[in-house]
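The sequence shown runs contiguously to residue 164 in my numbering.
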Amino acid sequence: MSIWHEDFTLEHVISLRNNNLNKHLCIEFIELGDDYIVARMPVEDFTRQSRGILHGGASCVLAEALGSIASNMCIDMRNQKAVGLEINANHVRPVSSGYVTGKTTVASLGKTVHVWNIDICNDQGKLNCISRLTTAIVKLNDKEKEFNQEVLNNLFKK
7 MSIWHEDFTL
17 EHVISLRNNN
27 LNKHLCIEFI
37 ELGDDYIVAR
47 MPVEDFTRQS
57 RGILHGGASC
67 VLAEALGSIA
77 SNMCIDMRNQ
87 KAVGLEINAN
97 HVRPVSSGYV
107 TGKTTVASLG
117 KTVHVWNIDI
127 CNDQGKLNCI
137 SRLTTAIVKL
147 NDKEKEFNQE
157 VLNNLFKK
C-alpha cells in the first residue's frame, strides 16, 4: 500500500526538480516505490571538498531533497507543505568518484511532523552516509495555495 497522498509517478518526482539546487548538483531521481524514493548524485568537482572527496554538505542536500519531496508527497499539497526542521548526517566512508545513491524511507508520519531515514551509498553499494531528516507539516497561506494548485495542475494536467 502506498504512503503517497496522490498517484505520483517517477515522472512527477523528476518534474519537481525544476531550476533549484537539485538541478545544480545534478541530482537525478531514479526510482519511486510505494514507500520510498531513490536518487543519485555525481561525485565530481562541484560536489567535492578540497581534499577531493564528496563534500558532506552535498550529501545533506541529497538527503534533504529525498526526504523533503517524500514528505510533501505524503500530504495534501493543496493545503499543506512540508518544511525542513532538522537534518543530521553521519559520514561513515569517503567517496571520491562515481555516483552516490540515496534511498529515503519513512521512520514516522505524524500529523505535524515527519521523520525520514536516508541511506547514501557509493557505486559498490557501500554505505557512506546515514542521514535523518525531520520535516514540519504546516498550513499554506492563500498565495501558497494558489501556487501549489498550479504546480499540481501542471503535474497532473488537470
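Backbone N, C-alpha and C fix where the C-beta goes; we use that ideal spot for every residue, glycine too.
Taking DSSP as the reference, what is the three-state secondary structure of residue i?
i, result
"CYS135", "strand"
"HIS120", "strand"
"LEU31", "coil"
"MET7", "coil"
"ILE36", "strand"
"ASP51", "helix"
Compare the C-beta of residue i against all C-beta atoms of chain C and say whether one is closer than 8 Å.
i, result
"SER74", "Among the protein chains of the structure shown there is no chain C, as only one such chain exists."
So residue i and residue j are in contact, right, with Cβ under 8 Å, and what is the actual spacing, rounded?
i, j, result
"SER77", "VAL106", "Going by Cβ atoms, the distance from SER77 to VAL106 rounds to 21 Å, so no, they are not a contact pair."
"GLU37", "LEU22", "Contact doesn't hold; Cβ gap of about 15 Å is too wide."
"ASN94", "ARG138", "5 Å"
"VAL44", "GLY108", "7 Å"
"VAL89", "THR140", "Incorrect: roughly 10 Å between the Cβ atoms, too far for contact."
"HIS11", "CYS80", "6 Å"
"VAL119", "ILE143", "7 Å"
Return the bridge partner residues of residue i from the DSSP annotation.
i, result
"GLU92", "THR140"
"GLN86", "LYS145"
"ILE126", "GLY108 and CYS135"
Over the uninterrupted beta strand (DSSP E) stretch that includes residue i, give me the two end residues.
i, result
"VAL114", "The sequence given here has Ser at residue 114, not Val. Segment 105 to 115, the beta strand (DSSP E) holding SER114."
"MET47", "42 to 48"
In terms of residues, what are the limits of the alpha helix (DSSP H) holding residue i?
i, result
"CYS66", "62 to 79"
"SER21", "16 to 21"
*Would you be able to state if there are at least three C-beta pairs under 8 Å between the region 26 to 45 and the region 86 to 103?*
No, the region 86 to 103 does not touch the region 26 to 45.
*asked:* So, does the region 59 to 73 touch the region 119 to 128, judging by three or more C-beta pairs under 8 Å?
replied: At 8 Å Cβ cutoff, the stretches touch.
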